[in-house]
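*Asks:* Numbered by mature numbering (1 follows the signal peptide of the UniProt record, and there is no 0), the letters in the sequence shown go through residues -31 to -1, 1 to 159 in order. Cβ atoms here follow ideal geometry from the backbone N, Cα and C, with glycine treated the same way. The structure under discussion is supplied below as structure tokens; questions concerning it will follow.
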Amino acid sequence: LCFKRYSSKSIRPEVMMYILCLFLLPGLCSSLSCVCSPSECEDLTDTDCPEGSNTVMDPCGCCKVCARTEGEPCGGPYGFYGSCAAGLECVVTDMVSANNEGVCNRVPGSDVHCTSPINVSGCNIVQGTCHCARVATCPEDRPFVFQSLTECRMNLAVMFSHLQAADKDELLQSTSSLRRKNTSECLKCT
């Protein structure tokens, strides 16, 4: 094995910043990088979208796109799967995967369509927080994923732990590619 010695004076400032990002600030260093070219955007209006949808901005805030409708995927990393149409909210139901993907559901209590509504309490994870309410709904509807704030918070903690694990995996992959690069430099220094 060959080890090349580095002093803090021989390491370029941008490399030092990269190393700091890798080890000290992994949550702050990952972000969505967008190239916005408004001239390439379609000229969409609400009438161009499917029934029950409207236009919203894409995850980069550059182009108008049609909002997701009831039952469609939404959210995800950096909002990649899109935003929900008016009257819907993106409810995260999968606590096992680390991608924060949700499904567009009606805002609880906003559309009671039966003759004998009942009052139901519960919570959903919306935009990374627990939203709890008591609403009038039809007996066959299930407007909430969780029955209590405690259950919601426990599942939210699981979701965040999966996100942290995914960030650590990304950090380990970046570190191993840096090690491979340093190993190839080491072969030259014999």
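I need the straight-line Cα distance from Lys33 to Gly44, nearest angstrom please.
*Replies:* Between Lys33 and Gly44, the C-alpha separation is close to 16 Å.
*Asks:* How far does the beta strand (DSSP E) with Pro42 in it reach, from first residue to last?
*Replies:* Start and end: Pro42 to Gly44.
*Asks:* Under 7 Å Cβ to Cβ from Thr38, same chain only, skipping five residues before and after it: list those, please.
*Replies:* So the list reads Pro19, Gly21, Ser22, Ala54 and Cys73, once near-sequence residues are dropped.
*Asks:* Do Asn88 and Arg111 have their C-beta atoms within less than 9 Å of each other?
*Replies:* No, the Cβ-Cβ distance between Asn88 and Arg111 is not below 9 Å.
*Asks:* Please specify which runs of the beta strand (DSSP E), each continuous and at least 3 residues long, are wholly inside the region 35 to 119, giving them in chain order.
*Replies:* Entirely contained in the region 35 to 119, the beta strand (DSSP E) runs reaching 3 residues are, in chain order, 42 to 44, 57 to 61, 70 to 75, 87 to 95 and 98 to 106.
*Asks:* Give the secondary structure of Val25 by DSSP, where H, G and I count as helix, E and B as strand, and everything else as coil.
*Replies:* Val25: strand per DSSP, three-state reduction.
*Asks:* Alpha carbons only, please: which of Thr16, Phe49, Met26 and Asn93 is nearest the one belonging to Pro7?
*Replies:* Comparing Cα positions, the closest option is Met26.
*Asks:* Would Asn93 and His100 qualify as a contact pair, given that the criterion is a beta-carbon distance under 9 Å?
*Replies:* Yes, they are a contact pair.
*Asks:* Residues in its own chain within less than 6 Å of Phe(-9) by CB, not counting five upstream and five downstream?
*Replies:* Reliability fails at Phe(-9), whose pLDDT of 47 lies under 50, so the model's placement of it is uncertain and the value that follows must be treated cautiously. Cβ within range, chain order: n/a, list empty.
*Asks:* Is it buried or exposed, Ser52, if we count other Cβ atoms within 10 angstroms and call 16 or more buried?
*Replies:* Ser52 comes out buried.
*Asks:* For Leu118, collect the residues of the same chain with a Cβ closer than 7 Å to its Cβ; drop the 5 residues on either side in sequence, then sort them by chain order.
*Replies:* Cys92, Cys99 and Cys101.
*Asks:* Give me the Cα-Cα distance between Phe129 and Thr24, rounded to the nearest whole angstrom.
*Replies:* Each residue's alpha carbon lies about 30 Å from the other.
*Asks:* With distances taken from CA atoms, which of Pro108, Gln96 and Pro86 is nearest Leu57?
*Replies:* The shortest Cα separation from Leu57 among Pro108, Gln96 and Pro86 belongs to Gln96.
*Asks:* How about Cys107 and Ser85: are their beta carbons less than 9 Å apart?
*Replies:* Yes, these two residues count as a Cβ contact at 9 Å.
*Asks:* Any idea if Cys3 is buried or exposed, counting beta-carbon neighbours within 10 angstroms, 16 or more meaning buried?
*Replies:* With fewer than 16 other Cβ atoms within 10 Å, it is exposed.
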